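Student: Residue numbers (the numbering used here), protein chains in the order written: chain Z, 1 to 122; chain L, 1 to 645.
C-beta: ideal position from N, C-alpha, C; glycine also.
Every value quoted in this text rests on a predicted model; they were computed, and no experiment measured them.
Could you have a look at this structure, given as structure tokens, before my questions?
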């Protein structure tokens, strides 16, 4: 349990936003970079770079999930889903952060599946 | 810092109210019309203008349907048909859907919903409206003078390049993009600042109304997506006017780059149109179920996820361009994933309806229509996300059917629901129920008659954009059904217009909150006064009206003799400081005129850009130069602050 004032300081707020935004940004990075790397993988035969890209990008939402979860556990027990205080708002942001990280973790996996089935030169 | 006392008070004294009304009153008279900067006035102008372009786009659609009613018809020639289908798409996407779903609704509703007196940057708001209006008039004048764009609403190169599209037709299209995108970007900035800095105290991030969430997310989509189309249309016009070769493969350019840039904007644009519709649905479903929305957090997450995923699917518009198989598969996966958050939202709305006490009125009827039509469009969307299916039906009427189900289902059905819902707020009178019922049923039946047969036409191989076909193709009956359906839609919209004009004067008086709704726009009179709220409200829950305490505090301490609003902090909406809003002025109108001169002149000569900058610089300087009542107000406030210090 943490003082409500904690949820107004810049560091905590940065953690909460990281929880919400890091997952989708990692997914965007994975999709964009993988799309660019396909011709490179085909021409060099280094197919593993596509898998390395996915693995690295998966680390980001995983870390963001942990960060959001850490924020979630320190919100005051009095926090409610629609409360007007900073604790309740942080509780809301932490849950959205965990859900967003989990969702985009799965999105990255979904886009990783074709790499095991298709050939970059197809 | 908390400069604002939030104690319950009695209603303000009459003289204070009169002063408040005088302070926020829009300037009267002919010239006053050009000086208005209040969000209600500009919002209503956006609504009316965008609806006029909806009617014009609809007339073009009716002309196309009349042409296709029978094979080898000579009602329209191929050249005119090209202009008409291009202008139909352009009008509906750039002049109706985005301005209506985003700019119009956000500008009118968001300040009321967050409990403030005006939108942030009100002069920019007026400027954005005039730019949109002038850009729209420009491209329609071009059409009426037989110089209408004719290369499709996305103007692909090389068809739209200098080699295949000589003349000025495509230049007008490209410059119309510049007008409307500058306008949308300006509104996006205003909405982001309004939502993050001008919310009523107590409206923390977890209490934002769903409609406000939707318009905020759309604002970010606009900010990140619109630059791509401005870039591509600017590069296109440079290729055409000053012989650059951005898209000319013969000189080292890349034609496919245009498609990438266009669709990096184009697909998020679908969500720019669609997400406000989702906000309308959440609002109406909660009101007419008479309960808080089920799964608020999940709905917010779904909107955020849709906003992000919308940026990762653009290549599905390019599956037929020969992109590598694995590259396409990433976007195929994303295209299927994006149906998940929408599906989740549909379940949340059904759960809200299931557990609520239903009050089935016209707005909810349109939402029921939305469920049916959108699910149909969503299912064909998943089909099109599958690469082999997409390649098979690419550029056929199957695609036309799909995107009309999605866009009319996802935007126009909720929009009509929204019209019936907010018309009493805007005008103070209810729309007629009987005419409204006829409107709904004729439109729904007409819509399905028009677009359902197009799935079949597409599967039978009828390509998009053809101006006629041979009788032996076997497409006649389905085309005839589609044209009759379009006729029904036309009659339905006509009934709606009659209803609006009749109810505007003779409709039942609505009262403050005729639906018993919970969001803040219903906490003031209908229509709202020019200052929006007598005292700025505070918020005690997600549905501010429903959750208000018996003696809910109000904000005190704002001046009534100046256009002052309360600025709050970003996350928790705690009172932060008082902010002066600018007074009405003609400078945004003049600046928009100067910008219009610059944009149009540069179509005819590159020197237009140079000469056009001078009037823009003069009008912008006039706009920002401290003077008149704004300067006096600022000096008074600064002197008072100094005295207090």
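Under 8 Å: do the stretch 437 to 455 of chain L and the stretch 350 to 366 of chain L share three or more Cβ pairs, one atom per stretch?
Tutor: Counting Cβ pairs under 8 Å, three or more are found: they touch.
Student: Leaving out five residues before and five after residue 69 of chain L in sequence, what residues of the same chain have Cβ atoms less than 7 Å from its Cβ?
Tutor: Excluding residues within five positions, the ones whose Cβ falls inside 7 Å are 479, 480 and 483.
Student: Whose Cβ in chain Z lies nearer than 8 Å to the Cβ of residue 205 of chain L?
Tutor: The contacting residues are 89, 92 and 93.
Student: Report the CB separation of residue 198 of chain L from residue 560 of chain L in whole angstroms; it is logged as a contact under 8 Å.
Tutor: The pair is not a contact, with the Cβ atoms about 18 Å apart (cut-off 8 Å).
Student: Would the C-beta of residue 90 of chain Z count as close to the ligand MG, meaning under 6 Å from any of its heavy atoms?
Tutor: For the structure depicted, the ligand MG is absent and the ligand set is empty, with no information on it obtainable.
Student: Within its chain, find whatever has a CB closer than 6 Å to the CB of residue 86 of chain Z; leave out the 5 residues flanking it on each side and keep chain order.
Tutor: If we look at residue 86 of chain Z and ignore the five residues flanking it on each side, its Cβ neighbours are 4, 7 and 8.
Student: Measuring CB to CB, does residue 104 of chain Z end up less than 7 Å from residue 17 of chain Z?
Tutor: No, the Cβ-Cβ distance between residue 104 of chain Z and residue 17 of chain Z is not below 7 Å.
Student: Any C-beta of chain L sitting closer than 7 Å to the C-beta of residue 122 of chain Z?
Tutor: By this cut-off, residue 122 of chain Z is an interface position.
Student: For residue 103 of chain Z, go through chain L and note every residue whose CB falls closer than 8 Å to its CB, in chain order.
Tutor: What residue 103 of chain Z touches in chain L: 301 and 305.
Student: Taking the continuous beta strand (DSSP E) assigned at residue 575 of chain L, which residues delimit it?
Tutor: Unbroken beta strand (DSSP E) run through residue 575 of chain L: 575 to 580.
Student: Here's a check: name, in chain order, each residue in its chain whose Cβ is nearer than 7 Å to the Cβ of residue 31 of chain Z, leaving out the five neighbours to either side.
Tutor: Contacts found: 111.
Student: Any contact of the stretch 519 to 532 of chain L with the stretch 416 to 428 of chain L, i.e. 3+ C-beta pairs under 8 Å?
Tutor: As far as the Cβ criterion goes, the stretch 519 to 532 of chain L touches the stretch 416 to 428 of chain L, which means the pair count is three or higher.
Student: Suppose you measure from the CA of residue 575 of chain L to the CA of residue 566 of chain L; what does that come to, to the nearest Å?
Tutor: Cα-Cα distance, rounded: 7 Å.
Student: Could you check if residue 404 of chain L is buried or exposed, using at least 16 other CB atoms within 10 Å of its CB as the buried criterion?
Tutor: Buried: at least 16 other Cβ atoms inside 10 Å.
Student: Compare the C-beta of residue 86 of chain Z with all C-beta atoms of chain L and state if any pair is closer than 7 Å.
Tutor: So yes, residue 86 of chain Z belongs to the interface.
Student: Checking contacts by CB at 7 Å: is residue 82 of chain Z closer than that to chain L?
Tutor: At least one chain L Cβ lies under 7 Å of residue 82 of chain Z.
Student: Within the same chain, show all residues whose beta-carbon is closer than 8 Å to that of residue 4 of chain L, passing over the 5 residues directly before and after it, in chain order.
Tutor: Because residue 4 of chain L sits at a pLDDT of 48, beneath the cut-off of 50, its placement in the model cannot be relied upon, and the following sentence gives the value as read from the coordinates. The answer, listed in chain order, is 201, 555, 556, 557, 558, 566, 575 and 578.
Student: How many angstroms separate the CA atom of residue 286 of chain L from the CA atom of residue 356 of chain L?
Tutor: Straight-line Cα distance between these residues: approximately 8 Å.
Student: Are three or more beta carbon pairs between the stretch 269 to 289 of chain L and the stretch 210 to 218 of chain L nearer than 8 Å?
Tutor: Contact between the stretch 269 to 289 of chain L and the stretch 210 to 218 of chain L is present, because at least three Cβ pairs lie under 8 Å.
Student: Mind reading off the beta-carbon distance from residue 207 of chain L to residue 122 of chain Z? Whole number of angstroms is fine, and I expect it under 8 Å.
Tutor: About 50 Å; that fails the 8 Å criterion.
Student: Quick check: is the beta carbon of residue 226 of chain L nearer than 7 Å to any beta carbon in chain Z?
Tutor: Residue 226 of chain L does not count as touching chain Z.
Student: Under 8 Å Cβ to Cβ from residue 41 of chain L, same chain only, skipping five residues before and after it: list those, please.
Tutor: Cβ neighbours of residue 41 of chain L beyond the five flanking positions: 26.
Student: Under 7 Å, Cβ to Cβ, is there at least one residue of chain L near residue 118 of chain Z?
Tutor: By this cut-off, residue 118 of chain Z is an interface position.
Student: Is residue 324 of chain L near residue 391 of chain L, with beta carbons less than 7 Å apart?
Tutor: Taking 7 Å as the Cβ cut-off, residue 324 of chain L and residue 391 of chain L do not qualify as a contacting pair.
Student: By Cβ distance below 6 Å, which residues in the same chain neighbour residue 130 of chain L in space, the five residues on each side in sequence not counted?
Tutor: If we look at residue 130 of chain L and ignore the five residues flanking it on each side, its Cβ neighbours are 589 and 592.
Student: Exposed or buried, what is residue 187 of chain L when buried is set at 16 or more other beta-carbons lying within 10 Å of its beta-carbon?
Tutor: It is buried - the Cβ of residue 187 of chain L has at least 16 other Cβ atoms within 10 Å.
Student: Can you tell which of L/411, L/251 and L/359 has its C-alpha closest to the C-alpha of residue 375 of chain L?
Tutor: Of the listed residues, the one whose Cα sits closest to residue 375 of chain L is L/411.
Student: When we look at the beta-carbon of residue 48 of chain L and count the other beta-carbons within 10 Å, is it buried (16 or more) or exposed?
Tutor: Per the 10 Å Cβ criterion, exposed.
Student: In or out: residue 120 of chain L buried (at least 16 other Cβ within 10 Å) or exposed?
Tutor: So residue 120 of chain L counts as buried.
Student: Just tell me which of L/296, L/194, L/456 and L/314 has its CA closest to the CA of residue 397 of chain L.
Tutor: Of the candidates L/296, L/194, L/456 and L/314, the one whose C-alpha sits nearest the C-alpha of residue 397 of chain L is L/456.
Student: Where residue 9 of chain L and residue 110 of chain L are concerned, what is the direct C-alpha to C-alpha distance, given to the nearest angstrom?
Tutor: Caution is warranted here: a pLDDT of 47 is assigned to residue 9 of chain L, below 50, making its placement in the model unreliable, and the coordinate value is therefore given only provisionally. Approximately 26 Å between the Cα atoms of the pair.
Student: I need the straight-line Cα distance from residue 137 of chain L to residue 57 of chain L, nearest angstrom please.
Tutor: Rounded to the nearest angstrom, the two C-alpha atoms are 13 Å apart.
Student: Taking the alpha-carbon of residue 149 of chain L as reference, which of L/594, L/135, L/174 and L/210 has the nearest alpha-carbon?
Tutor: It is L/174.
Student: Suppose the cutoff is 6 Å on Cβ atoms and the five residues either side in sequence are ignored; what does the same chain contact list for residue 160 of chain L look like?
Tutor: Contacts found: 151 and 170.
Student: What first and last residue would you give for the alpha helix (DSSP H) that runs through residue 567 of chain L?
Tutor: Premise fails: residue 567 of chain L lies in the beta strand (DSSP E), 564 to 568, not in any alpha helix (DSSP H).
Student: Whole angstroms is fine: what's the gap from residue 247 of chain L's alpha carbon to residue 262 of chain L's?
Tutor: Going from the Cα of residue 247 of chain L to the Cα of residue 262 of chain L covers about 12 Å.
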